[in-house]
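As numbered in our numbering, the sequence shown has no gaps in its residue numbers, which increase by one up to the final residue, 180. Even for Gly, the Cβ is constructed at its ideal location relative to N, Cα and C. Report on one structure; see the data block that follows.
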Amino acid sequence: MSEALNLAEKFKIRSQQQAKTIEQEVENATMQLNSFMTAKLKESETIIKQGMTNLDTSNEQLLEMLATHQTDINTALITYLNSVQAHTKEHLNQFAHDIEKRIEAYTQHIAGLIEQREDRIAQIIKSEMKKWAIVTSLVALTILVLGIIIGAMLFNKFSKPTYIIQQPQTQQPINYGQR
Numbered sequence: 002m003s004e005a006l007n008l009a010e011k012f013k014i015r016s017q018q019q020a021k022t023i024e025q026e027v028e029n030a031t032m033q034l035n036s037f038m039t040a041k042l043k044e045s046e047t048i049i050k051q052g053m054t055n056l057d058t059s060n061e062q063l064l065e066m067l068a069t070h071q072t073d074i075n076t077a078l079i080t081y082l083n084s085v086q087a088h089t090k091e092h093l094n095q096f097a098h099d100i101e102k103r104i105e106a107y108t109q110h111i112a113g114l115i116e117q118r119e120d121r122i123a124q125i126i127k128s129e130m131k132k133w134a135i136v137t138s139l140v141a142l143t144i145l146v147l148g149i150i151i152g153a154m155l156f157n158k159f160s161k162p163t164y165i166i167q168q169p170q171t172q173q174p175i176n177y178g179q180r
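Following this line, the structure appears as structure tokens:
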């Protein structure tokens, strides 16, 4: 039971460590995105200021520049999300693999314990059966000896010679005329 608690505790510690790692990576990626967005916003602000001060710049050029910056921002967001997703997926796959190994190890350990207990039970049953076999053999042998003794006594008692007194048989003469 303590092994299960130890495994659960290790599992908990490992989960917390992986959660901290993922949180740190998300925080780092968020900070990078924030820095990138801030730089792009400042650049956009500069462009807007230039556009306002330089009235010669046409509205179409400003729209093109803003569209380019929007595309850059969208690309940065997609890259950020893909990075976070890849790291998260990698950590989750590793985590699942670790859990699978631990469960497999625990299952093998439990199977070993079950085998040991089954062997002990089989040994106990064999030793008990030997005792019963010896006791049963002695009882059967005793009954056999008693049966032989009782049989011999009965045989002696009833096997005295019996004398049959035979009466002489006389044969009557055959009368052939009677028929």
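Item                                                                                                                       : Value
Residue 177 - DSSP class collapsed to helix/strand/coil                                                                    : coil
C-alpha distance - residue 159 paired with residue 139, whole-angstrom precision                                           : 30 Å
Collapsed DSSP secondary structure at residue 45 in the structure displayed                                                : helix
Beta-carbon proximity check, residue 23 vs residue 92, cutoff 8 Å                                                          : yes
Local conformation of residue 84 per DSSP, three classes                                                                   : helix
Within 8 Å, strictly: CB atoms of residue 118 and residue 12                                                               : no
Inter-residue Cα distance where the pair is residue 147 and residue 133                                                    : 21 Å
Residues of its chain near residue 5, where Cβ-Cβ distance is below 8 Å and the 5 sequence neighbours each way are ignored : 107
Euclidean distance between Cα positions of residue 7 and residue 39                                                        : 47 Å
contact_flag[the region 111-128, the region 26-37] where n(CB pairs < 8 Å) is 3 or more                                    : no
Selection from 49, 42, 31, 129 that minimises the alpha carbon distance to residue 86                                      : 31
Continuous beta strand (DSSP E) assignments of at least 3 residues falling wholly in the region 96-144                     : none
Pairwise C-alpha distance: residue 34 and residue 64                                                                       : 23 Å
Residue of 49, 73, 42, 100 minimising C-alpha distance to residue 16                                                       : 100
Residue 16 in three-state terms, based on DSSP                                                                             : helix
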